[in-house]
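Asks: Encoded as structure tokens, here's the structure I'll be asking about.
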Amino acid sequence: MFAGSKGKQHVRAYSRWDWLPNWMWRLNFYLGRLLFANMDPLSRHIRSFFVLRSVRAEAAVEPRTDVLFAAEDLRRHGYVMPKATYPPRLVDTIRQKAGDALSRPDGRLTRQNPAPDGNHYSWYVKDLASVIPEVQVILTDEIVAAVENYYQAHIRVNTVKCWRNYAVPEEVYAQRELHSNHWHFDHHRAAGLIKIFYLVHEVTDEDGPFCLQPRPRSVFLMRYGYGDRDDYRVPDSLLEDPEHMIKLTGPAGTAIVCDTTVCLHRASRVAADRHRDIIQFQLLPSKTPLASDWITDPRSTYLSDALLGIRDHPTRPTAERRR
Ligand SMILES: O=C(O)CCC(=O)C(=O)O
Ligand SMILES: [Fe+2]
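For this note's numbering, add 243 to where a residue sits in the sequence shown, where the first one is 1.
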């Protein structure tokens, strides 16, 4: 009955409520799954409802009719691919600067513990805001308007990260999840969590593309009995069905805007001798309009060295998670 809701050990973020009996946690997660078809407990959805209501009351965003369509797509499908393309010169500059920084050891950071073999297979650009200030341009007015429409509130940029995933040797890959490469939902914030993923260079199937199950498909997979990122309980023939999956492949500058709390997603495997560089924005609702100098907003993390020590969704060893 409580498939996939393992109780309080499930989500670290709830440690304040550790004293609650396990059956309450299980029920909480079960109801969240039943009513919202994602991995957050009902209590988090209720809290979000009130947080968002108060943000909305102060934000009072005027709906712009030209973006209604994109926001509706985002609501219905859980993702939208921005139609406008980025200027080629900008795309080139970002690719070069990210490539340079990620190739130099002093331009890189890691947020993860090393893999079981002692190596790091994922690196982040250090001091992103000063190394690639051009990332600002990725967040176009069109995207801002669509996401404002989705949240029915203003937005703020919570984080911007640029990272590279490398190929992981077979024996290491099999031991544990290393870079969000298992199907999962992100944890819900105030009202879902909108992310933009932007391809720094051309990405093919070989480069470990970002993959996403559209919202209706994710609901189907949850109803089918999806367990969690370490124990899917859904046959691969369904999870990996290319008919239903969005793969973020294409030329540099290709982007997707998606709510990763309602869509199952993952990074896929990078082939030997290849890598994948990506830029990711996290956008959250806000009472105040997005400032034009948001890149210096002290509430935004990951734009500077603050990256170290801050964890988004930690990848823990499978054995530890199952205990
Ligand atoms: O690297 C990827 O393609 C997936 C990352 C991910 O799961 C996330 O950013 O939420
Ligand atoms: Fe994720």
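Don't be surprised by glycine CBs; every beta carbon is placed ideally from N, CA and C.
In three-state DSSP terms, what is residue 442?
Replies: Looking at residue 442 - three-state DSSP - the assignment turns out to be strand.
Asks: Nearest to residue 477 by CA position, among 469, 343 and 438, is which residue?
Replies: Ranking the options by Cα distance to residue 477, first place goes to 469.
Asks: Is it the case that the CB of residue 431 approaches a heavy atom of ligand 2 more closely than 8 Å?
Replies: Answer for residue 431: no, Cβ out of range of ligand 2.
Asks: Whose CA, out of 485, 383, 310 and 442, lies closest to the CA of residue 493?
Replies: When each option's Cα is compared against that of residue 493, the closest is 442.
Asks: Using only the heavy atoms of ligand 1, determine whether one of them is closer than 8 Å to the beta carbon of residue 451.
Replies: Residue 451: yes, Cβ under 8 Å from ligand 1.
Asks: Which of the three DSSP states is assigned to residue 518 in this structure?
Replies: Residue 518 falls in the strand class under three-state DSSP.
Asks: Mapping the DSSP letters down to three states, classify residue 527 as helix, strand or coil.
Replies: Residue 527: strand per DSSP, three-state reduction.
Asks: From residue 531 to residue 302, what distance separates their C-alpha atoms?
Replies: Using only the alpha carbons, I get a separation of about 6 Å.
Asks: Buried or exposed: residue 438, going by 16 or more other Cβ atoms within 10 Å of its Cβ?
Replies: Buried is the call here.
Asks: Between the beta-carbon of residue 508 and the beta-carbon of residue 455, is there less than 9 Å?
Replies: Yes, Cβ-Cβ distance for residue 508 and residue 455 is below 9 Å.
Asks: Beta carbon of residue 341: closer than 8 Å to some heavy atom of ligand 1?
Replies: Every heavy atom of ligand 1 is 8 Å or more from the Cβ of residue 341, so no.
Asks: Is the beta carbon of residue 299 within less than 8 Å of some heavy atom of ligand 1?
Replies: For ligand 1, not one heavy atom lies less than 8 Å from the Cβ of residue 299.
Asks: Considering only C-alpha positions, which residue in the set 534, 272 and 513 is nearest to residue 421?
Replies: Ranking 534, 272 and 513 by Cα distance to residue 421 puts 513 first.
Asks: So residue 449 and residue 517 are in contact, right, with Cβ under 8 Å, and what is the actual spacing, rounded?
Replies: So it is a contact: roughly 5 Å between Cβ atoms.
Asks: I need the straight-line Cα distance from residue 560 to residue 378, nearest angstrom please.
Replies: Residue placement at residue 560 is poorly supported in this model, since its pLDDT is 33, which falls under 50; the coordinates still yield a value, given next. Taking the straight line joining both Cα atoms gives about 33 Å.
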